[in-house]
Amino acid sequence: MDEQKNTYREYEPSLNLKPFLHCYWAYDTPDSDRGHTGSNPIIPDGCVDIIFNLNLPTQSECFVVGPMTQPIFNTKNNLFGIRFKPGMAASFFQSPIREMTDQILTLNHIDRFKTQNIADHLANSTSPGSKTALVESIFEQMLSGKPGLERRVQFAINAIESSNGNINVQELTHQIGWSRQHFTRQFLNITGLSPKFFSQVIKVNRVINIHKDQKCGCSLGDLAQIGGYYDQAHMTNAFKKITGLTPQLFFKNI
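Given below as structure tokens:
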């Protein structure tokens with residue numbers, strides 16, 4: 000008999016929702032593994048996730064994971080998630096995203112989001128397509144009339160992402176035309192992270208993605224250079240801050 004394994008898959012949102020959502024995702028766990036703590040850390044990525052526990056779809060099992068500044072370990076269950084792009088969750092929530100940083104919250108923080116009804120339907124849906132179609136229809140309605148991001152914060156997010164985190168925050172502040180204090184405050188309210196920390200998150204995640212794509216012909220020294228670090232020691236310190244592990248240990252576990 001084949002051993003069942005945990006599976007994680009991502010699904011693209013529709014064109015209308017792509018500006019707001021990074022992906023939908025599903026995490027499926029065999030019965031024998033449910034309730035156990037996962038061995039691999041979930042690391043900061045600058046995003047906010049809405050997560051439904053499909054094993055027991057009750058109000059307490061519909062929750063939001065705010066932007067993280069440190070890794071966490073999940074409890075293995077059958078989960079369905081909605082991942083916002085950095086900053087885009089601000090359109091859906093009633094409070095500043097900075098209040099959700101490093102928090103796991105129930106979904107009463109979301110205006111007009113009927114969590115119990117959605118969880119019941121998701122639990123009864125048998126395919127990823129039917130789950131995403133359900134969520135798409137709800138989010139299309141929720142987006143109606145919602146304002147976009149403040150344009151200067153959106154510019155800053157785009158600049159940090161397009162530079163792969165290798166950007167001088169002081170120079171970015173000058174480009175935007177705000178004071179450093181005002182820029183940091185607005186960025187925190189919308190993304191839940193400071194511009195400097197968000198840049199560090201983007202930078203580390205880029206190195207991780209390069210390693211995954213390479214499988215892996217690059218040495219750690221090569222990765223440090225590609226990632227824009229001064230040297231391997233600099234990259235190691237950044238990894239320990241974001242993932243809780245050295246690059247060697249992190250790559251060994253993924």
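Just so it is clear: in the sequence shown, position 64 is 63 by numbering that gives the first Met the number 0, and no numbers are missing.
Where is the CB? At the ideal position from N, CA and C, for every residue including glycine.
This structure is a prediction, so every number in the text was calculated from the model and none was measured.
Residue G226 holds the alpha-carbon nearest to the alpha-carbon of E160 among W24, G65, G226, P70. Note that the C-beta distance between N54 and N76 is below 7 angstroms. Rounded to the nearest whole angstrom, the C-alpha separation of R179 and D119 is 46 angstroms. DSSP places L78 in the strand class (E or B) of the three-state scheme.
Rounded to whole angstroms, the gap between the alpha carbons of P18 and I103 is 24 angstroms. Across the structure, H210 and S218 are spaced so that their CA atoms are roughly 9 angstroms apart.
Between G243 and G65, the C-beta spacing is not below 7 angstroms. The three-state secondary structure of D48, taken from DSSP, is strand. T235 has its alpha-carbon roughly 11 angstroms from the corresponding atom of L248.
If you look at E139, you'll find it in the alpha helix (DSSP H) that goes 127-142. DSSP links Y10 through a beta bridge to Y23. Annotation for F186: the continuous alpha helix (DSSP H) segment containing it runs 179-190. Assignment of F91 by DSSP, reduced to helix, strand and coil, places it in the coil class. Taking the C-beta atoms as reference points, S193 is found no nearer than 7 angstroms to G164. According to DSSP, residue pairing for C61 in a beta bridge involves F51. Distance from the CA of I49 to the CA of I166, rounded to the nearest whole angstrom, comes to 30 angstroms. R150 sits exposed, since fewer than 16 C-beta atoms from the chains shown fall within 10 Å of its C-beta. Assigned with DSSP and collapsed to three states, L104 falls in strand. For I71, the secondary structure class from DSSP, reduced to helix, strand or coil, is strand.
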